[in-house]
Structure formats: C-alpha cells, structure tokens
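Engineer: Residue numbers (my numbering), protein chains in the order written: chain A, 196 to 497; chain B, 560 to 626; chain C, 353 to 746.
From the three backbone atoms N, C-alpha and C, an ideal C-beta is built for every residue, glycine too.
Computed from a predicted structure; not experimentally measured.
Structure below; questions to follow.
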Amino acid sequence: MTLALFDVAFKAMGSPCRFQFYAHSPAQARNVSDLALACVQRLERKYSRYRSDSLVSRINDQAGSGIVPIDQETKALLEYARQCYQESGGLFDITSGVLAEAFDFQQGRVRDLAAIDRLCARVGFDRITYDAGCITVPAGMALDFGGIVKEYAVDTVAGLFQQHGIEHGLVELGGDIRVFGAQPDGRAWPIAVRNPNRPDTIYRRIQVSQGAVASSGDYERFIEHDGVRYSHVLNPKTGWPVSSVKAVTVVAEHCLVAGSLTTIAMLKDAAAPAWLKAQNLPFLCCLADGRMVDHLNPAINL
Amino acid sequence: MKIMLLLCLIALFGCTQVKPWQRDRLAAPQMAFDTDPLETELRQHSAFSKEASSGGYGGGGGGCGCN
Amino acid sequence: MVAVEAVVAVTKRVTAAARLSAAALALPGLMPSAEAGRVEESYQADFQYGHYAESDQRMSVDIYQLHGAVPIGEAMTVSANLVRDVVSGASPMFNIKQRDGKPGQVLTGASIRDQRDAASGSLSYAFDPVTATLGGGYSAEDDYISRYVTGQLSYEFNHKLSTLTLAGSVAFDQIEPTGLNLKENKSNQQYLLGWSQVIDKNTLLKLNATFGYQEGFLSDPYKSVFFDGRGLLADTRPTRRYQWAWLGQLVRYFKPLNQAAWHLDYRFYTDSWDIDSHTLEMSWHQPLFEGWMLVPRLRYYSQNQAEFYQAFFSADDSVNRFSSDYRMAGFGALSGGVKLTREWLAPGSLDSLKLQVGFDYYDRKAAYQLAGDNAGDFADYHAYTVTASVQVRF
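Printed below as a string of structure tokens:
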C-alpha cells in the first residue's frame, strides 16, 4: 500500500501545534486528524484555566464553597499530579498557579513583593481533597493543570493515531513532541532542540523513532529583579521563580512524563543536573550562566 | 515444580521493558496467535477426525460422528 | 510472589522517572492501545467454503461455515457460528490378513452420504483486566448428536504484558448408529491453563496445558476388527480416556521483511491409551503489496499406536480391548499449503473486505512416523483441501 505524508498545522492551547504522519489516503488522513483535533479541543475546553466554562474554572469558582463532581479522567490526572507532588518533594504543585499574581511576566517585572508570603499560604496540593466522584478546593486556592494537560494531550492524540492504524508519525503541541513510529523507510524523525541561549536558533537535532521530547524554559516569559533573571517556573515553598536553570529538555517514552521531569528539574534549581542524571534518561539542561549539560547522547534508544 | 518455573519466567519477563506504545506491531493482524479462526476450525476439525490427538489449542468444542 | 517482586525490584532502576511512567499508565489516554485479548469493535461476517478429498476415491467432504460477530456496547461481543459438513465416499472398515500375511484394508462398499449441521454461539464480556467468555453448541447428524458448553476467563497483568487463561468445556454426545440396534453415550471434559506473554516488541509466546477426560462409549461403531480364524468383532475400546497436551506457540515480527510474521507451534500429546504424539507446525505470513498477503504453511505430525491397536488379531489373542482403526495406528503425516489473501480497507461503506483462497496437501505415511512401532504402509493415503472465504467488517 502506498503511504503519503500529511502535515496538519493548527493553533490550540495557546500554542502552534502540528501533526505529521503517513496515511494511505487523504480520506483516512482527514478522518484521523479530525478526530485528533477534536480530542485536543476537548481537553482544552475541559482543563483550560482561561475558559470560564471549563471544568477547572468550575472547580476553582467553587473553591471554599462546595464540592464539584469530577470524572474518571480528572481523577486520574489528579492522581498523576499527586505522584509529581510526591516525587518532587512538594515542588511540583498544581495549586501554585496563584503565585503568578505577584509577578508580571508580560512586563518582566515583580508586581507586588509583599504579596508573595500571603500567596504562599494559598498553595498546597495536600489541602485538596478528592475521591472517585468529587473534589473540594479550600477557599483562595486554585487548580492549574497547565503543566500536565498539554503533554497528556500529546500522548492521548498519539495513541489515537495508532488506534486508527497510523504507524508512522508525530504529534507536536507547543513544542512538546511524541513520535509514534519511524518514517516508513525506517528513518527516525529529526527533532530540533532549541538553543535556550539563543531561542531562535537550533541547538542540535536528535533522531527519534519512538518516544517523546518535552522542554521547559524561560524562552519568552521571564522577569528580571535586582539584575537576576528568573524563569516563570515558581517554587511553591519560596513563592519565587527559579533562577539557576534556564531550560531543560528531556526524552522519555511518554510526553507527559518527559514534561513533568522538565518541570521538576527546573524546580530543583541548582540540583537540576544531578537529579536529571539520576533519572537515566537523555536530557539537556541549560544553566542560568549559559552552560549546557548535554546528556542527549548516547543515541536515543528507548 | 511447574509453579516454580512459572514464577521464574514471570520474573525474567518482568524485566523486559516493552512499552505500551511499542506494542503497535504486536497488534498487527498477522501477529495474532490465531490469524484466521474459521480456517483454524476447519483445520483442527480435519486433524481431529484423522488423528488420535486433541487438545492443546483450547476452545474445546463438541464431539462429532467423524471420530 | 514476594520473591518475584524482589527480583523485579533489583533488576529495575527505580527512578522518579520510572515511578512517574507507571503512574502515567493509569491515565485513560495512555492506556495501551494494543493488547493480546481485545474484543472486536466492528460487526463481522465470514463465510468459508472448503472441499476435502482423500486419494483413491475415498471420503470427500464439503464444508460450509458461517460466522458472525456483533459488538454490544464497549465491553461485550456476541458471536455465532453455523457449520454444515456433507460427507460422501468410502472409508476403511477393517483390515484382513492377506495371503502373504500382511494386512490389507477393506473399505465400506457403497458411497455413504452423511450430513452434519452444527450451531454454536458465545458471549464475551471484558471488564478490564478480565475477559470472560461463555459459549455452547449443538451438532447433529443422523446417528450422532453432541451438545457442549464452554467457559473461559482471561486475566491480563504485568502492565498487560502477560495474560493468564483458564478454560473448561463439557460435551455430552449421543450415538445411535444407523442399522445397528444401539444407543450409546459419551462425555468429554477439557480444561485449559494458558499463559501468553509479550516477550519483546517483536515477539509473543503462548504456553497452554490441557487436560481431557472422556468417558462412555469411545469405540467406533462402524469399525470392525478382524480376528484371523474367528472372523469380525466390533471395535472395542476402553470406556475411559485421560488426555494431556502441552502447546507452545511463538509469533515473531520481521519489520524489515515488509512486516512479515513467523508462527511456530509445537504440541506434545499423551493419553492413557498409550498414544504419544508430536505436532510441529509453522507458517509465514508475508504481506506483499496493496493488501495482498501470502501464507505458506508446513506441518509435521507423528503418533505411536494405541496399546490395544493391531492391524488384525489372531484367533488365540486373548484381549478384551481391540481396535484396528487407522487413527489408532502408528503413523506420521506431512502437510503443507499456501493461502493467498487480498484485503481492501474501507471499500464503500464497509470497514474492510477480505477474500481468501487456500490449498493444503496432507500426506499420511507409516514411514513418516518418528518411532517405528507402526504396522506397515497398508493404510497410507493422502488428501487435499481447498478453501475459499469472504470476510466482511462493517
């Protein structure tokens, strides 16, 4: 059977996105990419903090005043978030979004230095209670699945392609990538890793035929305070953004895991390179002074 | 003895890491243990009526005057 | 199991990344898409016609098979099978002692015609990680009626890399041979313990053990036994039979060879009638181009004779169990065949359409037997089977 390459570019979750895959016919390609697109949109509608009709907005609106019913998928995402919270010693916390109120990342400056301590008191994943059916969020707190859902969507959509018989392709949502099969001739897909020191240039290309590549960094959003550059990744314990790491890229089997590892590494701040090394996965860590800890070799062989 | 063997094998395979997303090829139709149940049924029925052995493959069905 | 966990714990580097990966697998979107035991999602209808013919104008059989499967909801599948066999021709009745002292086969004279109609159905329900299947069937001939029920439980574990299967079936048969004032019964139970395993991303392994127990009238009412100097007696076998079989199946994927798959099966069988057999079978599934697939197949079978088998007996043989049925003899069989398949994906409003033709040649020879306890080449024959089938999914 003849295979043709299809390339579908679109915008979702506030980022440029792309499906690249080989299909037998335009009809098959269209059918599968429509399903994939609908899947991304469904997850965005359900978990976006910026949409007032999302499940997350409903949960946050009810903070301190009631319980909100949740479905199996949301419960599973909360369970995964709990695992991240535990693995990071409380650094990866989906309730830490409120800390952003003290900073203005658009303008790159600190908005309210005095507010930081007050905001810290409104953070703490262990204060959220949920079970199979309902969730309760204390007053003043808010959930933000921003650090999980995009990566989760990448994996889900990749699985959807596979379930519909697409064997060669990749899914990219805002720079987070999952490859679910080499090109038909057996060649891996070249994946470009950005240079965090000069974000408009490519640091290097890696060859991936199965697996995910996720990155986290201060490419666009950061603040400068007293001459120190801070990323937008906020430490829930201090209330301050991290400053020792500029960007992290991790290669793993799942995009979700790769993404969580990059975020946790950023939060580990100065301990990031050592912690990443212990994970036994290919990674790239760019420190604040521009130094690169490059463990993308040996060849990506998941 | 059999249980011991089973446990050892599970322990052995427990270490091999076949990720879920690597299982696409195992789901190919030619990789099914039984790729064509109708043909298998005919073949097994034919063997059952000409040879003394039965069993092993499972799906034990009914008898037949052919044997 | 504690020991097993310890082994796994030592071998795996338990990193935060590994724990997160394990946690990620619990998410609905990341669940494995390809598992060993999965229930069909689309409607399916198959029809197959087969023609079997033995050499020397012996038996020929026309086989018509119809199969349908319907999904009900996301977890349930109902399937039904109809089979009609139309048998005609002659078959061996007994062996005589020829002048040279060697056995010679005597066939039924006139062409017999018999028809078998069978219906069976099953219901399978998947409640992850367990799949349960219940089924039953009915088969009727002029002189033979069989009813059976069967049940199966499959349990997937170890991140769905392993599947454990337990199955059992019970059959009750009634035999009323035409022209004989005889009404007999037999029952047959079979139990299976199976284990299938994803070994690596290219390899699957399955190990089955089955135990069978047959009780009742296990003789063949149409077969006789020649006692030299005494004449013919009816085929008389024990009324119980215990059967054990072990099967290993290996399936391997060859991506560079256009995604070909190699299947290798070996079965060892032994029973309380002292019959041991070895079956070795392999097939190569070669996708060609544009939905064509070629499947060549090779099979070798060898059994030794039942303890009560002789080609014929002498008058002074004092035995109370005896059979000269060629199927109780020691022999070997080589068979091979080829099947050509063309599949169309999404033709018109269908999900898929598949057409197949196959040819199989079966050569039975005493000389092919592994150990040499056979009674000579007088019962050798060969046979061929041609099949054609249509499979539709919608």
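(1) Check each residue of the segment 420 to 431 of chain C: if its Cβ is closer than 9 Å to any Cβ of chain A, include it; give the result in chain order.
(2) Among residues of its own chain, excluding the 5 on either side of residue 660 of chain C, which ones have a beta-carbon nearer than 6 Å to its beta-carbon?
(3) Name the chain C residues that come within less than 9 Å of residue 363 of chain A, Cβ to Cβ?
(4) Where do the N-terminal and C-terminal ends of the alpha helix (DSSP H) with residue 239 of chain A fall, by residue?
(5) Where are the alpha helix (DSSP H) runs, 4 residues long or more, that stay fully inside the segment 451 to 490 of chain A, in chain order?
(6) Would a check of beta-carbon distances place residue 236 of chain A closer than 9 Å to chain C?
(7) Compute the Euclidean distance between the alpha carbons of residue 488 of chain C and residue 432 of chain C, then round it to the nearest angstrom.
(8) If we count the other Cβ atoms within 10 Å of its Cβ and call it buried at 16 or more, is residue 403 of chain C buried or exposed?
(9) Please identify the residue among C:406, C:721, C:367, C:380 whose C-alpha is closest to the C-alpha of residue 712 of chain C.
(10) Just to make sure I have the definition right: I need the residues of chain C whose C-beta is within less than 7 Å of the C-beta of residue 594 of chain B. Which are they?
(11) Tell me which same chain residues have a C-beta within less than 8 Å of the C-beta of residue 446 of chain A, skipping the five on either side of it?
(12) So with CB distances below 7 Å, who are the chain C contacts of residue 603 of chain B?
(13) Apart from the five residues just before and just after residue 639 of chain C, which ones in its own chain have a Cβ nearer than 8 Å to its Cβ?
(14) Any idea what DSSP makes of residue 605 of chain B, helix, strand or coil?
(15) I need the boundaries of the alpha helix (DSSP H) containing residue 254 of chain A, first residue and last residue.
(16) Taking 9 Å as the CB-CB cut-off, is residue 745 of chain C touching chain A?
(17) Can you pull the chain B residues whose beta carbon is under 8 Å from the beta carbon of residue 493 of chain C, in chain order?
(18) Give the residues of chain F in contact with residue 371 of chain C, contact being defined as C-beta atoms less than 9 Å apart.
(19) Please report the straight-line C-alpha distance between residue 590 of chain B and residue 616 of chain C, rounded to a whole angstrom.
(20) Give the range of the alpha helix (DSSP H) segment to which residue 274 of chain A is assigned.
(21) Mind pulling the chain A residues with CB within less than 9 Å of residue 380 of chain C?
(22) To the nearest angstrom, how far is the alpha carbon of residue 694 of chain C from that of residue 621 of chain C?
(23) Which of the three DSSP states is assigned to residue 293 of chain A in this structure?
(24) Quick one: which chain B residues come within Cβ less than 8 Å of residue 598 of chain C?
(25) For my contact list, residue 485 of chain C and residue 503 of chain C are in at a C-beta cut-off of 8 Å; report their separation, rounded to the angstrom.
(26) Ignoring anything shorter than 3 residues or poking outside the segment 398 to 482 of chain C, list the beta strand (DSSP E) runs there in chain order.
(27) Are the beta-carbon atoms of residue 288 of chain A and residue 340 of chain A separated by less than 9 Å?
(28) Do residue 590 of chain C and residue 624 of chain C count as a contact pair if the criterion is CB distance below 9 Å?
(29) Name, please, each residue of chain C whose Cβ falls closer than 7 Å to the Cβ of residue 455 of chain A.
(30) Taking residue 347 of chain A as part of the alpha helix (DSSP H), name the residues at either end of that continuous run.
(31) Would residue 555 of chain C pass as a contact of residue 501 of chain C if the rule is Cβ separation under 9 Å?
(32) Does the structure place the segment 374 to 392 of chain A close enough to the segment 246 to 257 of chain A that three or more beta carbon pairs sit under 8 Å?
(33) Taking Cβ positions, are residue 721 of chain C and residue 684 of chain C nearer each other than 9 Å?
(34) Residue 311 of chain A lies in the alpha helix (DSSP H); which residues open and close that run?
(35) Taking the alpha carbon of residue 457 of chain A as the point to measure from, which residue in A:418, A:485, A:417, A:442 has its own alpha carbon closest?
(36) Would you say residue 475 of chain A faces chain C, with C-beta separation under 9 Å as the test?
Structural biologist: Taking the structure as given:
(1) Residues of the segment 420 to 431 of chain C whose Cβ lies closer than 9 Å to any Cβ of chain A: none.
(2) Excluding sequence neighbours, residue 660 of chain C sits near 673, 674, 675.
(3) Within chain C, no residue has its CB atom less than 9 Å from the CB of residue 363 of chain A, the nearest being about 12 Å off.
(4) 221 to 242 is the span of the alpha helix (DSSP H), which, as asked, contains residue 239 of chain A.
(5) Complete alpha helix (DSSP H) runs here, min 4: 467 to 473.
(6) Look at residue 236 of chain A: its C-beta is not under 9 Å from any C-beta on chain C.
(7) The straight-line gap from Cα to Cα measures roughly 10 Å.
(8) Looking at its Cβ environment, which holds fewer than 16 other Cβ atoms inside 10 Å, residue 403 of chain C is exposed.
(9) Of the listed residues, the one whose Cα sits closest to residue 712 of chain C is C:406.
(10) Ordered by position in chain C, the residues that pass the 7 Å Cβ test against residue 594 of chain B are 637.
(11) If we look at residue 446 of chain A and ignore the five residues flanking it on each side, its Cβ neighbours are 401, 403, 406, 407, 408, 453, 476, 477, 478, 491, 495, 497.
(12) At a beta-carbon threshold of 7 Å, none of the residues of chain C lie near residue 603 of chain B; the nearest stands roughly 11 Å away.
(13) Counting only Cβ-Cβ distances below 8 Å, and skipping sequence neighbours, we find 610, 611, 612, 645.
(14) Note: residue 605 of chain B maps to helix in three-state DSSP.
(15) Note, residue 254 of chain A: alpha helix (DSSP H), 250 to 256.
(16) Taking a beta-carbon distance threshold of 9 Å, residue 745 of chain C does not count as an interface residue toward chain A.
(17) Those are 623, 624, listed as they occur along chain B.
(18) Absent here is chain F; the protein component of the structure consists of chains A, B and C.
(19) Rounded to whole angstroms, residue 590 of chain B to residue 616 of chain C spans 12 Å at the Cα level.
(20) It spans 267 to 282 - the alpha helix (DSSP H) in which residue 274 of chain A sits, taken as one unbroken run.
(21) In chain order: 267, 268, 271, 351.
(22) Approximately 35 Å between the Cα atoms of the pair.
(23) DSSP places residue 293 of chain A in the helix class (H, G or I) of the three-state scheme.
(24) Within chain B, the residues near residue 598 of chain C are 615.
(25) Rounded, the Cβ-Cβ distance is 7 Å, consistent with contact.
(26) Counting only runs of 3 or more, we get 412 to 424, 428 to 441, 444 to 449, 455 to 459, 464 to 479.
(27) No, the pair does not count as a contact, with Cβ atoms beyond the cut-off.
(28) Cβ atoms of residue 624 of chain C and residue 590 of chain C: closer than 9 Å.
(29) Within 7 Å of the CB of residue 455 of chain A, the CB atoms of chain C belong to 372, in sequence order along the chain.
(30) In the DSSP assignment, residue 347 of chain A falls within the unbroken alpha helix (DSSP H) covering 341 to 358.
(31) No, these two residues do not count as a Cβ contact at 9 Å.
(32) Output reads no: the segment 374 to 392 of chain A does not touch the segment 246 to 257 of chain A.
(33) Pairing residue 721 of chain C with residue 684 of chain C gives a Cβ-Cβ distance under 9 Å.
(34) Membership of residue 311 of chain A in the alpha helix (DSSP H) is indicated by the continuous run 310 to 315.
(35) Minimum Cα distance to residue 457 of chain A is reached at A:442.
(36) Judged by the 9 Å Cβ criterion, residue 475 of chain A is in contact with chain C.
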